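First comes the structure, then the notes that go with it.
Numbering (the numbering used here), first residue to last: 32 to 116.
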């Protein structure tokens with residue numbers, strides 16, 4: 032597993048108190064905000080944004096039309112982090 036994706040999964044688990052999940056439980060392409068995926072909500076999205084900004088010094092614009100797509104899955108979050116490093 033890519034170390035960045037593993038780190039993002041661990042951040043999600045810790046930040047969102049997903050105590051019953053492990054990084055292996057989160058598929059890289061699973062939708063984070065869909066009932067067929069992890070099933071997170073808008074409050075979780077805010078928390079994820081805060082954690083990613085603190086950890087990776089990301090710039091995330093709430094009014095950016097691509098923000099929703101960046102938060103779709105672990106893969107898209109990893110791509111966002113890589114694009115800003």
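Ideal Cβ positions, reconstructed from N, Cα and C, are used throughout, including at glycine.
Small disclaimer: the values here were computed from a predicted structure and weren't measured.
Checklist entry - Between 115, 39 and 46, which lies nearest to residue 57 when the distance is taken from Cα to Cα? => result Here residue 57 corresponds to residue number 26 of the chain shown, with the count starting at 1. Closest by alpha carbon: 39.
Checklist entry - Helix, strand or coil for residue 101 per DSSP? => result As a working note, residue 101 is residue 70 in the chain shown. DSSP places residue 101 in helix when its eight states are reduced to three.
Checklist entry - Among the residues of its own chain, which have a CB less than 8 angstroms from the CB of residue 78, if the five just before and after it don't count? => result Against the chain shown, residue 78 aligns to sequence position 47. Same-chain partners within the cutoff: 46 and 47.
Next on the checklist: With H, G and I counted as helix, E and B as strand and the rest as coil, what does DSSP make of residue 94?
Outcome noted: For the purposes of this step, residue 94 is taken as residue 63 along the chain shown, with counting starting at 1. Of the three classes helix, strand and coil, the one that applies to residue 94 here is coil, per DSSP.
Checklist entry - Any idea what DSSP makes of residue 44, helix, strand or coil? => result Here the question's residue 44 lines up with position 13 in the chain shown. If DSSP states are grouped into helix, strand and coil, residue 44 belongs with the helices.
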